[in-house]
Amino acid sequence: MNETSSVVIVTGAAGNLGRALLTVLAARGVALVAVDHHAAALKDATAGLRIADGHLTIAGLDLKNPGDCEQVVSTALDRFERIDGVVHTVGGFEAAPAAETGPDMFERMFQLNAITTLNIFRAALPSMRAAGSGSLVAVGAWPALRAPPGLSAYAAAKSAVLRLVESFADELKGENIRVNAVLPGIIDTPQNRAAMPHGDVATWVRPEQIATAIAFLLSDDASAVTGAALPVRGAG
605 MNETSSVVIV TGAAGNLGRA LLTVLAARGV ALVAVDHHAA ALKDATAGLR
655 IADGHLTIAG LDLKNPGDCE QVVSTALDRF ERIDGVVHTV GGFEAAPAAE
705 TGPDMFERMF QLNAITTLNI FRAALPSMRA AGSGSLVAVG AWPALRAPPG
755 LSAYAAAKSA VLRLVESFAD ELKGENIRVN AVLPGIIDTP QNRAAMPHGD
805 VATWVRPEQI ATAIAFLLSD DASAVTGAAL PVRGAG
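Residue numbers for the sequence shown, in the working numbering: 605 to 840.
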């Protein structure tokens, strides 16, 4: 993907990681389609962006709905006529002991993490296939590899994200469409600092560090990389 002439959709763009990713990609000259459910937060997240080809914001959609994901893609194509990359940062987190985790929590975690990934990737594929190239990046989580106590539903959902990445990558490797994931550890955000006031923040990973790893996966420097689950854990 030639960064200075590429178009990338970023979902969850108003979140901590989404904002960092917008900044990193904008600095590389990428035209951005910033997507978030919250219109006011999205406006704030994109207010300072300076991009030669401009950027597009799409708010108020529910990515658990396949039709809304298709709307994101069609709106992006109407504006830029191409989509070179998709980074899906949307997800959700809940914790409870496994014995106290009901089907409703599993359903929420799978909908927010795995189903949204499936929907946005499927929506983007027709245009990428028509172009003969593309890059899809999902945000997994380190617990997807081994669930720690209290995170059975979350870890299972993020594991499903990795299985989707693996399947898409193998199915698309002959079509010049790469599919990868990053696996963050604990992210240094205001919310996590408030939730874990005694945590060792020095070992956490910053959103900017994850964004830089994602930018690598999108770039031509990673042209031989597909099906990867890249740990981005800081010192934790």
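Even for Gly, the Cβ is constructed at its ideal location relative to N, Cα and C.
- For I818, the enclosing alpha helix (DSSP H) covers residues P811 to L822.
- T705 and F684 have their C-alpha atoms some 44 Å from each other.
- Within a 10 Å sphere around the beta-carbon of T807 sit fewer than 16 other beta-carbons, which makes this residue exposed.
- Measuring C-alpha to C-alpha distances from S610 to each of V639, A643, N620 and I655 identifies I655 as the nearest.
- By the CB criterion at 8 Å, L768 and A833 fall outside the cutoff.
- Per the DSSP secondary-structure output, T661 pairs in a beta bridge with A638.
- For S731, the uninterrupted alpha helix (DSSP H) run begins and ends at T720 to A735, by DSSP.
- If you look at N620, you'll find it isn't in any beta strand (DSSP E); it sits in the alpha helix (DSSP H) that goes N620 to A631.
- Using a 10 angstroms sphere on the CB of M713, the tally of other CB atoms reaches 16 or more, which defines it as buried.
- Here the alpha carbons of P752 and D682 stand approximately 44 Å from one another.
- Each of L626, M732 and N780 was checked against the Cα of A826, and the nearest Cα belongs to N780.
- DSSP places T615 within a strand segment (E or B) once states are collapsed to three.
- Here A718 really is in contact with V765; their C-beta atoms are around 5 Å apart, less than 8 Å.
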